[in-house]
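**Q** In this note's numbering, the protein residues as written are 1195 to 1359. We put the beta carbon where it would ideally sit given N, CA and C, even for glycine. Keep in mind it's a predicted model, so treat the numbers as computed, not measured.
1. Out of 1227, 1293 and 1311, state which residue places its alpha-carbon closest to the alpha-carbon of residue 1201.
2. DSSP on residue 1288, reduced to helix/strand/coil?
3. What number of angstroms, rounded off, separates the C-alpha of residue 1275 from the C-alpha of residue 1314?
4. Would you please state the rounded distance, in angstroms, between the beta carbons of residue 1351 and residue 1310? I believe it to be under 8 angstroms.
5. In terms of residues, what are the limits of the beta strand (DSSP E) holding residue 1217?
6. Please name the residue, chosen from 1325, 1300, 1332 and 1323, that lies closest to residue 1312 on a Cα-to-Cα basis.
7. Where does the unbroken beta strand (DSSP E) through residue 1206 begin, and where does it stop?
8. Residue 1203: buried (16+ other C-beta within 10 angstroms of its C-beta) or exposed?
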């Protein structure tokens, strides 16, 4: 229920004023439908701890993460990928990245953060193995089998652990 309300409120914020009025009837109905789909598809990820998303401190932490480490990681990765395109020197491959995460929400946050960063794409998350499989556009020599997530994701794992509690 919390996910539904949160998704619907987000929908209302993002669509406010698109037709000159606050919302058209179609926008309100579409918002209900999309919020229902989001709530249903995320019920296993959010689970019984859904009230954690009502905590304003979590919102602040997420905002700090989004405009800080995540944004900076994306900026650095964009420049790196641009350099790789210019030079044509890439060494792509899929690496097994060991992680120390506790729940699906943390895996989702980390996987999405890695995927949003240019040059990396999370291919699979394996909580049983405590690992992610990541396609990396340029694997540095010696990091074909990283011992932790730091070379691939930087500080993202620490933030995923914190945000997904």
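**A** The structure says:
1. 1227
2. strand
3. Per the coordinates, the alpha-carbon of residue 1275 lies some 10 angstroms from the alpha-carbon of residue 1314.
4. About 14 angstroms separates the two Cβ atoms, so there is no contact after all.
5. Careful: residue 1217 lies outside any beta strand (DSSP E) and carries neither H nor E.
6. 1332
7. No beta strand (DSSP E) contains residue 1206, which is instead part of the alpha helix (DSSP H) from 1196 to 1209.
8. exposed
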